[in-house]
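> Supplied in C-alpha cells, the structure appears directly below.
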Amino acid sequence: MGACMALCSLASCASCLCGSAPCLLSGCCPSTNNSTVTRLVFSFFLLLGTAVSVIMILPGMETQLKKIPGFCKGGSSIWGIENKVNCDIIVGYKSVYRMCFAMACFFFLFSLIMIRVRSSKDPRANFQNGFWFFKFLILVGITVGAFFIPDGTFNTVWYYFGVVGSFIFIIIQLILLIDFAHTWNQAWVENAEEGNRKCWFAALLSFTFLHYALAFAAMVLFYVFYTHPDNCTENKVFISLNLIFCVIVSIVSILPKVQEAQPQSGLLQSSLISLYTMYVTWSAMTNNPNRKCNPSLLSLVSGSSTPSPTSAPGEVQWWDAQGIVGLVIFLFCTLYASIRSSNNSQVNKLMQTEEGQGLAADVEATPGDDGVRRAVDNEEDGVTYSYSFFHFSLFLASLYIMMTLTNWYQPDSDYHAMLSTMPAVWVKISSSWLGLALYLWTMVAPLVLPNRDFS
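Read in order, the letters of the sequence shown are residues -16 to -1, 1 to 439 in mature numbering (1 follows the signal peptide of the UniProt record, and there is no 0).
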C-alpha cells in the first residue's frame, strides 16, 4: 500500500504541471504542443506503475512486511489488531500481475473511449488532454480493486494475455526501432551534405561497424555458451536462422533498386535491426526450460558449469541481465513514441501518426495576459496521432512490463512457483522473425507495389 501512496504523490505532482487542456507550462515542461505533452504524461503514468511493480517484486519485500506487527495474515499481532492483509498478493509476482492488470485496464478503457477522435474539437479530446487528477483517481481505483481479485485461475489466464500482448508489443518496439534508425540515418546524411562530409560519414560508418561487431560477437557467444554438440538443437536453429535473416536484410538494404526506391535505407538501419534481433534471440534462449542450454549469467561470469541456485525453477529473477536490458529498451521506446518526429511514411502508417509530428514540429508557446505559458493546441484541424492506437500501445506495454519483470515465467498449478516454458521461447523468436519481415517490407514495398505512393 505504501507503494500505491508513492504512486499517488508522484502522479499528483504530474497533475500540477499539466492539470488541464491546454496544459500549463513550467520552465521544465518538455513541449509546447498539447499532442506531445499528453503522450508524455500518459507515458509518465505507465513509468510510475512500472516503478511500483519493480518495488513490489524486489527480493525481501515480503519478509520486511511480515516484520510489521499486525499487518500480514498469519503474522504476529499486537494490541488485538486483526491481521487482514495478504502479503502474498501485495508483493512478488502476484502483485506485479495485479498492478499491470490495473494499468492495462486503464489504457484499454481509454483506447475504447478515444476511437475515431478526429480533432481537438471532439469533446472526448478535452478528456484526453486534460482532467489529469480525475484520470489519476480512476487509475488508483482500478489498482486498489485489482488487489482484491482472488487467485483462482486469474494468474494463469492473465499470463496468457501477457504472452499475446507482449508478442505484439515486441513488434511495435521493432517498428519504433526501424523508425529511429531511419530518422538517425537521414539526420546524419543531411548534416554531411550541409557540413563536414568526412566527419559525418565517418560517424555513420563507425556506428554501423559497432552494431555489426556487437551482433557478431553476440552470435559467437551464443554458440559457445548456449549450445552443446549433442544438445540444444533449438538454440542452434534459432541462432543460425536469425544470422541468415540478418545477412539477407543487410544485403537487400544496399541493392541498387532498393536504394533508388528508398534512398533512406542503408546499412546503419540494418545493423541496428540485426543487433536488436540478436537481443531477442538471447532473450528467447534465456527462457529455455532445459538448464543445460540456458546457463545463468552468474554461472557464466564465475565459470561454473552448474546452474546457479538463484536460477532454480520456481524462482523469479527479474534482475537478471535480459530483464534489465528489456526494461531499458522499453523505456527508450516509450519515450520515443511520445516525442517521435518521423518522415518515414510507411512507419507512420503502421504507427498511425502524421508525418513530422513531435518535438521537431513544436511551436513556441507565448505567454498569455496572466504571464503563464500554455500549450499550443496543434490538433484543431486534425489529430497528429491516433488517440486510440496510442492507448492500445500503452495497454500492450503494460503486459510487456508484466512479462519482463516476471521473466516470462508461467505460474504453476499451485500458484506458488513460476516455471520457464517453451511457449515463451517461441513467442519471442517468432516476433523477431515477424519484425525482420516488417523491416524487409519497408524496403521492398515500393518495388512490389510500384503504383502506390510510398514517398
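Ideal Cβ positions, reconstructed from N, Cα and C, are used throughout, including at glycine.
#1: Quick one: what does DSSP say P240 is sitting in, helix, strand or coil?
#2: Taking the alpha carbon of T405 as the point to measure from, which residue in D214, N18 and T390 has its own alpha carbon closest?
#3: Apart from the five residues on each side of it in sequence, which residues of its chain come closer than 7 Å, Cβ to Cβ, to S95?
#4: For R23, collect the residues of the same chain with a Cβ closer than 6 Å to its Cβ; drop the 5 residues on either side in sequence, then sort them by chain order.
#5: Sort out for me which residues DSSP pairs N272 with in a bridge.
#6: What is the rounded straight-line gap between the Cα of A88 and the Cα of F185?
#7: Can you grab the Cα-Cα spacing for the pair Q394 / F90, in whole Å?
#8: Of the choices T20, L225 and M83, whose alpha-carbon is the least far from that of L123?
#9: To the nearest angstrom, how far is the alpha carbon of Y144 from that of P240?
#10: Would T368 be called buried (16 or more neighbouring beta carbons within 10 Å of its own) or exposed?
#11: Under a three-way DSSP split, which group does P134 fall into?
#12: Figure out for me which residue from S415, S382, A408 and T426 has the closest Cα to the Cα of F92.
#13: From the DSSP output, which residues share a beta bridge with P434?
#14: Within a Cβ cutoff of 7 Å, which residues of the same chain sit near Q253, ignoring the five residues on either side of it in sequence?
#15: Taking A245 as the reference, which of M40, M427 and P43 has the closest Cα?
#16: Helix, strand or coil, according to DSSP, for Q253 in the structure here?
#17: According to DSSP, what are the bridge partners of N215?
#18: Rounding to the nearest angstrom, what Cα-Cα distance links A171 and E177 in this structure?
#19: Is any non-hydrogen atom of the ligand ADP found closer than 7 Å to the C-beta of L315, if you look at the structure I gave you?
#20: With distance defined between alpha-carbon atoms, name the residue in V242, M203, V80 and A187 nearest to C230.
#21: Classify G307: buried if its beta carbon has 16 or more other beta carbons within 10 angstroms, exposed otherwise.
#22: Alpha carbons only, please: which of V242, L160 and N215 is nearest the one belonging to P434?
#23: Along the chain, where does the alpha helix (DSSP H) that runs through F115 open and close?
#24: Can you tell me whether DSSP reads V360 as helix, strand or coil?
#25: When you compare the CB positions of T192 and S249, do they come within less than 8 Å of one another, or not?
#26: Would the region 204 to 223 count as touching the region 150 to 160 if we require 3 or more Cβ pairs under 8 Å?
#27: Smallest Cα separation from L121: which of P107, A86 and N139?
#28: Using the Cβ count rule (16 or more neighbours within 10 Å means buried), how would you classify A421?
#29: Check this for me: beta carbons of T265 and F206, under 8 Å apart or not?
With the structure as the only source:
#1: Sequence index remark: in the sequence shown, residue 240 carries index 256 (1-based). Note: P240 maps to helix in three-state DSSP.
#2: For the purposes of this step, residue 405 is identified with residue 421 of the sequence shown, where counting begins at 1. When only C-alpha atoms are compared, the closest one is T390.
#3: Taking the first residue of the sequence shown as position 1, residue 95 is located at position 111. Excluding positions up to five away in sequence, the list reads S372, H375, F376 and F379.
#4: On the sequence shown, residue 23 is found 39 positions in, with the first residue counted as 1. Excluding positions up to five away in sequence, the list reads S322.
#5: Counting from 1 along the sequence shown, the entry for residue 272 is found at position 288. Residue pairing by DSSP places N272 in no beta bridge whatsoever.
#6: By 1-based counting over the sequence shown, the position of residue 88 is 104. By 1-based counting over the sequence shown, the position of residue 185 is 201. C-alpha separation (whole angstroms): 43 Å.
#7: For the purposes of this step, residue 394 is taken as residue 410 along the sequence shown, with counting starting at 1. For the purposes of this step, residue 90 is taken as residue 106 along the sequence shown, with counting starting at 1. In a straight line, the C-alpha of Q394 is about 24 Å away from that of F90.
#8: Taking the first residue of the sequence shown as 1, we reach residue 123 at position 139. The option with the nearest alpha carbon to L123 is M83.
#9: Within the sequence shown, numbered from 1, the residue matching residue 144 stands at position 160. Within the sequence shown, numbered from 1, the residue matching residue 240 stands at position 256. Approximately 44 Å between the Cα atoms of the pair.
#10: By 1-based counting over the sequence shown, the position of residue 368 is 384. By the 10 Å Cβ count, T368 comes out buried.
#11: The sequence position of residue 134 within the sequence shown is 150, counting from 1. The three-state reading of DSSP puts P134 in coil, since its state is none of H, G, I, E or B.
#12: Within the sequence shown, residue 92 is the residue found at index 108, counting from 1. Selected option, being the one with the closest Cα: S382.
#13: Looking up residue 434 in the sequence shown gives position 450. P434 pairs with nothing; no bridge assigned.
#14: Looking up residue 253 in the sequence shown gives position 269. I162, A165, H166, N169 and S237, listed in sequence order.
#15: What you label residue 245 is simply residue 261 of the sequence shown in a count that begins at 1. Of the candidates M40, M427 and P43, the one whose C-alpha sits nearest the C-alpha of A245 is M427.
#16: Taking the first residue of the sequence shown as 1, we reach residue 253 at position 269. Reduced to three states, the DSSP call for Q253 is helix.
#17: Taking the sequence shown and counting its residues from 1, the one referred to as residue 215 is at position 231. N215 pairs with H212.
#18: Counted from its first residue, the sequence shown places residue 171 at position 187. Counted from its first residue, the sequence shown places residue 177 at position 193. A171 and E177: Cα-Cα distance of roughly 10 Å.
#19: With respect to small molecules bound, the structure shown includes none, and the ligand ADP cannot be examined in it.
#20: In the sequence shown, counting from the first residue as 1, residue 230 sits at position 246. When C-alpha distances from C230 are compared across V242, M203, V80 and A187, the shortest belongs to M203.
#21: Here residue 307 refers to the residue found at position 323 when the sequence shown is read from its first residue. By the 10 Å Cβ count, G307 comes out buried.
#22: Residue 434 sits at position 450 when you count from the first residue of the sequence shown. Out of V242, L160 and N215, V242 has the C-alpha closest to the C-alpha of P434.
#23: Residue 115 sits at position 131 when you count from the first residue of the sequence shown. That residue, F115, is in no alpha helix (DSSP H); it is neither H nor E in DSSP.
#24: For the purposes of this step, residue 360 is taken as the residue at position 376 of the sequence shown. In the structure shown, V360 sits in a strand (DSSP, three-state: E or B).
#25: As a working note, residue 192 is residue 208 in the sequence shown. As a working note, residue 249 is residue 265 in the sequence shown. Cβ atoms of T192 and S249: not closer than 8 Å.
#26: No, the region 204 to 223 is not in contact with the region 150 to 160.
#27: For the purposes of this step, residue 121 is taken as the residue at position 137 of the sequence shown. Nearest of P107, A86 and N139 to L121, Cα basis: A86.
#28: In the sequence shown, residue 421 corresponds to position 437, counting from 1. Counting Cβ neighbours within 10 Å, A421 comes out exposed, since fewer than 16 surround it.
#29: Taking the first residue of the sequence shown as 1, we reach residue 265 at position 281. Taking the first residue of the sequence shown as 1, we reach residue 206 at position 222. Yes, they are a contact pair.
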